[in-house]
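Residue 63 in my numbering sits at position 60 of the sequence shown, and the numbers go up by one each step.
Positions of the beta carbon are idealized from the N, C-alpha and C atoms, including for glycine.
Since this is a predicted model, take the numbers as computed values, not measurements.
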Amino acid sequence: MSDPVRFHRAITRAIPDTFPNAVVRSAPVEPIRVDVARRQHRAYVEALEALGLAVEVLPAAPRYPDSCFVEDCAVGARGVALITRPGVASRRGEETAVAEALRPHVRLEFTTEPATLEGGDCLRIGRRWYVGRSDRTNAAGILRLRAVFEPLGFEVVEVPVGRSLHLKCLCSYLGDGWLLLVEGTIAPGGFRDVRVLTVPTEEASAANCVAVNGTVLMPAGCPITRRAIEATGLGVRELDTSEIRKADGSLSCLSVLL
Ligand code: CIR
Numbered sequence: 004m005s006d007p008v009r010f011h012r013a014i015t016r017a018i019p020d021t022f023p024n025a026v027v028r029s030a031p032v033e034p035i036r037v038d039v040a041r042r043q044h045r046a047y048v049e050a051l052e053a054l055g056l057a058v059e060v061l062p063a064a065p066r067y068p069d070s071c072f073v074e075d076c077a078v079g080a081r082g083v084a085l086i087t088r089p090g091v092a093s094r095r096g097e098e099t100a101v102a103e104a105l106r107p108h109v110r111l112e113f114t115t116e117p118a119t120l121e122g123g124d125c126l127r128i129g130r131r132w133y134v135g136r137s138d139r140t141n142a143a144g145i146l147r148l149r150a151v152f153e154p155l156g157f158e159v160v161e162v163p164v165g166r167s168l169h170l171k172c173l174c175s176y177l178g179d180g181w182l183l184l185v186e187g188t189i190a191p192g193g194f195r196d197v198r199v200l201t202v203p204t205e206e207a208s209a210a211n212c213v214a215v216n217g218t219v220l221m222p223a224g225c226p227i228t229r230r231a232i233e234a235t236g237l238g239v240r241e242l243d244t245s246e247i248r249k250a251d252g253s254l255s256c257l258s259v260l261l
């Protein structure tokens, strides 16, 4: 995990039959189609493989409807993974299988009550962690992140995310100093040493991208953001996320990258 946009391995987890019971902030207009969600997940795994990553797909865990969103279960850098404690009770326990998958590759640290922390709130840019203070990540969770990563040379910068689910619903780091950020949300000045690519409100879902080895995986159907990313010289590949989005997820939440 030495460079945030150079990765060689990904941990993912298959979509369970119970996926339609995922935690959502408002019920989708159309019900979640599990078969389509699985196809979209498979395309995501294949896209990571095509970018050179060894992808591990953990078996589905029907007891945890949200368990495909592995990003929330671990925060990793520099050979260490901090296993989180999710902010919603129904997701607690998902992190165990993710920890076991990471154990052969990194040193594990853990998060205990009363701390809550979710990986969707943790954005790494070089030697800084930006961490969203959200309904899912509390002050004790942020303290835990500091305790694990400051001794490794990281600065931890807290960012209020307002009513957003996670920090990474609003922004993604693409590498080369480029930060995607939804207009009118977090003040760009809150991020240091970056060049901001503004995502228009009507394409807000495009703010959650996955940058891997020079290519940006982005949600399909956001042409303004796509053109802005392409203008940086980075490669772009669009992925359909319609069913994942119905469960309040997007691309980054589907993997832990090492
Ligand atoms: C949840 O509410 O926890 C899930 N339905 C969605 C989690 C998405 N995670 C992420 O973006 N990191």
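- Separation of residue 122 and residue 258 (C-alpha to C-alpha, rounded to the nearest whole angstrom) is 10 Å.
- Residue 190 counts as exposed, since fewer than 16 other C-beta atoms from the protein chains shown sit within 10 angstroms of its C-beta.
- Per DSSP, the unbroken beta strand (DSSP E) holding residue 218 starts and ends at 218–222.
- Straight-line measurement puts the Cα of residue 249 at about 15 Å from the Cα of residue 255.
- At a cut-off of 4 residues, the continuous stretches assigned as alpha helix (DSSP H) that sit fully inside the segment 58–117 are 97–105.
- As computed with DSSP, residue 14 is found in a beta bridge with 59, 259.
- Residue 72 and residue 158 have their C-alpha atoms roughly 26 Å apart.
- According to the DSSP secondary-structure assignment, residue 183 is paired through a beta bridge with 175, 200.
- For the set 100, 62, 29, 102, the Cα lying nearest the Cα of residue 41 is the one of 62.
- Judged by pairs of C-beta atoms under 8 Å, the segment 51–65 touches the segment 94–106, as three or more such pairs exist.
- Note on residue 94: 16 or more other CB atoms within 10 angstroms of its CB, so buried under the neighbour-count rule.
- If you draw a 10 Å sphere on the C-beta of residue 140, you find 16 or more other C-beta atoms in it, and that means buried.
- In summary, residue 231 is buried, with 16 or more beta-carbon neighbours lying within 10 Å of its beta-carbon over all protein chains present.
- Rounded to the nearest whole angstrom, the C-alpha separation of residue 43 and residue 246 is 8 Å.
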